[in-house]
Amino acid sequence: MIYDHILVRYGELTLKGGNRKTFVSQLRSNVKRALMPLKGYEVKANRDRMYIQLTPEADIEEMMTRISKVFGVHSISPVLKLEKSMEAVYDHARLFAQDYAAGDSFKIEVKRSDKTFEYETFAIQRMVGGEVLKSNESLHVDVRQPDHEIKVEVRLDAIYMYDRIVPAIGGLPVGTGGKTLLMLSGGIDSPVAGMEVMRRGVTIEAIHFHSPPFTSEKAKEKVIELTRIMAERVGSIRLHIVPFTEVQKQIHKVVHERYTMTSTRRMMLRIADKVVHQIGADAIVNGENLGQVASQTLKSMYAINAVTNTPILRPLLSLDKEEIVKKAKDIGTFETSIQPYEDCCTIFTPKNPVTEPQFEKVLQYESGFDFEEMIDRAVANIETMVIDKNYQLHQDEQNAWDDDLF
Ligand code: ATP
Ligand code: MG
1 MIYDHILVRY GELTLKGGNR KTFVSQLRSN VKRALMPLKG YEVKANRDRM
51 YIQLTPEADI EEMMTRISKV FGVHSISPVL KLEKSMEAVY DHARLFAQDY
101 AAGDSFKIEV KRSDKTFEYE TFAIQRMVGG EVLKSNESLH VDVRQPDHEI
151 KVEVRLDAIY MYDRIVPAIG GLPVGTGGKT LLMLSGGIDS PVAGMEVMRR
201 GVTIEAIHFH SPPFTSEKAK EKVIELTRIM AERVGSIRLH IVPFTEVQKQ
251 IHKVVHERYT MTSTRRMMLR IADKVVHQIG ADAIVNGENL GQVASQTLKS
301 MYAINAVTNT PILRPLLSLD KEEIVKKAKD IGTFETSIQP YEDCCTIFTP
351 KNPVTEPQFE KVLQYESGFD FEEMIDRAVA NIETMVIDKN YQLHQDEQNA
401 WDDDLF
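What follows is the structure, given as structure tokens:
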């Protein structure tokens, strides 16, 4: 079957008026971004659905795979756009039916929004069904649970036909929900946390704390690869790599060993908070999960969180590890996350970190040194890159989000 369009259905865009317009236009540019650099298509979006017009050179399966990963897309179908004649419908219904296995059941489902079309819904259903049965006698009609459903939409401009609906990722179009900064380690959890907020329409930039020579180039490459996988959903993501060695060494000089983990997290958060303001984000996202490890008790979260008023989103807070692993596998980050390169935190992790840090003690230890200047230096030396889904690294291109780049 030679399809000439892909029909894209929107997810939960129950919004009205101007909001809807913003969502649709964002979704349209996200779909275009996901299709780059493929050739042979034109995207046309209206308030209810999107059509991607194809030329013969288009790779339709690759395009469908990519579009199904774009947040805000509910489902997609390869479709035929036909002239408004019953003959055209018959011909193509027969072509669909050719591929059905002997003994299969089918149903013709007609939607007729052009009320001036010469035949009515029920008549079209009956006539097309009759033609299909004539062309392939091994089939039978089942209106309740058919193996195949041939959809015929009689609209003002044309008749659209399809028999396949492919579920897509759903959620809301990224770019409609503000911006956050994702704290991205090399582990399993943080990429999943990032994807969870992206699913709600939120744009992310990522920040990673790197402590050379204690952490290697390989560890950094792993984080770049995780960012690239996340960027498949949105085209590109900015990644900020923070040189963290100096701060970490200083923490180990002044803070009691059992409290170094708590202070390390606090310093990371202080740095992240400065970046949040620089990039105009409104929240920080991390992969914390209640009770998973020592640093993730409520007491510990309290002590860490105290350095900022910026909202911290923890989308994985209450999930079980198995659920997180399943999500990581679904989004394609799991295999990269389990590669054994050291993280700055694991290297400096004390043997016996305090699980319920006393807030007063944290403050007391940290008062032994004024970290502010060191934190500013770390921020000033951040290496920022834009990572796009096709492995191209750009040095900090502010305009990576502008459409004219594509
Ligand atoms: P993950 O699987 O995401 O590494 P985790 O279960 O190992 O999480 P922790 O190591 O306690 O938990 O880290 C908690 C969160 O702190 C991470 O999910 C991440 O958001 C943030 N984080 C930890 N290390 C770093 C790092 N080196 N750079 C950036 N963020 C980090
Ligand atoms: Mg970790």
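Just so we're aligned, residue 1 is where the sequence shown starts under the UniProt record's numbering, counting upward by one.
Ideal Cβ positions, reconstructed from N, Cα and C, are used throughout, including at glycine.
Taking only three categories from DSSP, how would you classify residue 106?
The residue labelled residue 106 in the question sits at position 106 within the sequence shown. It is a strand residue.
Let me know the secondary structure DSSP gives residue 5 once reduced to three states.
Locating residue 5 in the sequence shown gives position 5, counting from the first residue. Three-state result, residue 5: strand.
The ligand MG and residue 318: does the residue's C-beta get closer than 7 angstroms to at least one heavy atom of that ligand?
Counting from 1 along the sequence shown, the entry for residue 318 is found at position 318. No, the ligand MG has no heavy atom inside 7 angstroms of this Cβ.
Contacting residues, own chain, Cβ-Cβ under 8 angstroms from residue 256 (five flanking each side not counted):
Residue mapping note: residue 256 aligns to position 256 of the sequence shown, counting from 1. Answer for residue 256: 361 and 365, listed in chain order.
Using the rule of at least 16 other Cβ atoms within 10 Å of the residue's Cβ for burial, across every protein chain shown, is residue 54 buried or exposed?
Taking the first residue of the sequence shown as position 1, residue 54 is located at position 54. Residue 54 is buried by the Cβ-count criterion.
Spatial distance of residue 400 from residue 290 (CA atoms):
Looking up residue 400 in the sequence shown gives position 400. Looking up residue 290 in the sequence shown gives position 290. Its pLDDT being 41, under 50, residue 400 is placed unreliably by the model, and the measurement read from it follows with that caveat. Residue 400 and residue 290: Cα-Cα distance of roughly 35 angstroms.
Between which residues of its own chain and residue 94 is the CB-CB distance below 6 angstroms, once the five residues before and five after are set aside?
Taking the sequence shown and counting its residues from 1, one reaches residue 94 at position 94. Excluding residues within five positions, the ones whose Cβ falls inside 6 angstroms are 135.
So residue 348 and residue 248 are in contact, right, with Cβ under 8 angstroms, and what is the actual spacing, rounded?
Mapped onto the sequence shown, residue 348 falls at position 348. Mapped onto the sequence shown, residue 248 falls at position 248. Indeed, because the Cβ distance is near 6 angstroms, the residues count as touching under 8 angstroms.
Using only the heavy atoms of the ligand MG, determine whether one of them is closer than 7 angstroms to the beta carbon of residue 170.
To locate residue 170, count along the sequence shown from 1; it is residue 170. Outside the cutoff, so no.
Please list the segments of the beta strand (DSSP E) lying wholly inside the UniProt domain "THUMP" (61-165), counting only runs of 3 or more residues, in order along the chain.
73-82, 105-112, 148-154 and 159-162
So residue 388 and residue 236 are supposed to be a Cβ contact under 8 angstroms. How far apart are they, rounded?
To locate residue 388, count along the sequence shown from 1; it is residue 388. To locate residue 236, count along the sequence shown from 1; it is residue 236. At roughly 4 angstroms, the Cβ-Cβ gap stays under 8 angstroms, so residue 388 and residue 236 are in contact.
Cα-Cα separation between residue 116 and residue 37, rounded to whole angstroms:
Here residue 116 refers to the residue found at position 116 when the sequence shown is read from its first residue. Here residue 37 refers to the residue found at position 37 when the sequence shown is read from its first residue. One C-alpha to the other measures close to 41 angstroms.
Of the choices 161, 118, 363 and 65, whose alpha-carbon is the least far from that of residue 110?
Position 110 of the sequence shown holds residue 110. Closest option to residue 110, Cα to Cα, is 161.
In chain order, what residues have a CB nearer than 6 angstroms to some heavy atom of the ligand MG?
185, 187 and 343
Tell me the residue span of the beta strand (DSSP E) that contains residue 359.
If you number the sequence shown from 1, residue 359 lands on position 359. Careful: residue 359 lies outside any beta strand (DSSP E), inside the alpha helix (DSSP H) at 359-366.
Taking just the CA atoms, how far does residue 112 sit from residue 120?
As a working mapping, residue 120 is identified with position 120 in the sequence shown. As a working mapping, residue 112 is identified with position 112 in the sequence shown. One C-alpha to the other measures close to 8 angstroms.
Taking residue 297 as part of the beta strand (DSSP E), name the residues at either end of that continuous run.
Within the sequence shown, the letter at position 297 stands for residue 297. Looking at the DSSP string, residue 297 is not in any beta strand (DSSP E), and its letter there is neither H nor E.
Can you give the Cα-Cα distance for residue 44 and residue 22, rounded to whole angstroms?
The residue given as residue 44 occupies position 44 in the sequence shown. The residue given as residue 22 occupies position 22 in the sequence shown. For residue 44 and residue 22, the distance between alpha carbons rounds to 15 angstroms.
Tell me which residues share the same chain as residue 143 and place their Cβ nearer than 8 angstroms to its Cβ, disregarding the 5 neighbours each side in the sequence.
The count along the sequence shown starts at 1 and reaches residue 143 at position 143. So the list reads 107, once near-sequence residues are dropped.
Helix, strand or coil for residue 172, going by three-state DSSP, please let me know.
On the sequence shown, position 172 is the one that residue 172 refers to. Correct three-state label for residue 172: strand.
Round the Cβ separation of residue 316 and residue 193 to the nearest angstrom and send it over; I've been treating them as touching at under 8 angstroms.
Mapped onto the sequence shown, residue 316 falls at position 316. Mapped onto the sequence shown, residue 193 falls at position 193. Right, the Cβ-Cβ distance comes to about 5 angstroms (below 8 angstroms), so this counts as a contact.
Confirm, please, whether the CB-CB distance from residue 216 to residue 245 is below 8 angstroms.
As a working note, residue 245 is residue 245 in the sequence shown. As a working note, residue 216 is residue 216 in the sequence shown. No, Cβ-Cβ distance for residue 245 and residue 216 is not below 8 angstroms.
Can you find a heavy atom of the ligand ATP that lies under 7 angstroms from the Cβ of residue 288?
By one-based count along the sequence shown, residue 288 stands at place 288. Yes - the ligand ATP has a heavy atom lying nearer than 7 angstroms to the Cβ of residue 288.
Where residue 283 falls: helix, strand or coil (DSSP)
Locating residue 283 in the sequence shown gives position 283, counting from the first residue. Strand.
Measuring only the C-alpha atoms, how far is residue 9 from residue 286?
Here residue 9 refers to the residue found at position 9 when the sequence shown is read from its first residue. Here residue 286 refers to the residue found at position 286 when the sequence shown is read from its first residue. So the two alpha carbons sit approximately 31 angstroms from each other.
Ignore the nearest five residues each way along the sequence and tell me which others in residue 90's own chain have a CB closer than 6 angstroms to its CB.
One-based indexing of the sequence shown puts residue 90 at position 90. Within the same chain, residue 90 has close Cβ partners 131.
Over the uninterrupted alpha helix (DSSP H) stretch that includes residue 191, give me the two end residues.
As a working mapping, residue 191 is identified with position 191 in the sequence shown. Where residue 191 is concerned, the enclosing alpha helix (DSSP H) stretches over 189-199.
Given a cut-off of 8 angstroms on the beta-carbon distance, is the pair residue 177 and residue 337 in contact?
Here residue 177 refers to the residue found at position 177 of the sequence shown. Here residue 337 refers to the residue found at position 337 of the sequence shown. No, they are not a contact pair.
Short of 6 angstroms in beta carbon distance, which residues of its chain neighbour residue 209, apart from the five on each side in sequence? Order them along the chain.
Position 209 of the sequence shown, counted from the first residue, corresponds to residue 209. Closer than 6 angstroms at the Cβ level, and outside the excluded window around residue 209, lie 242, 244, 268 and 344.
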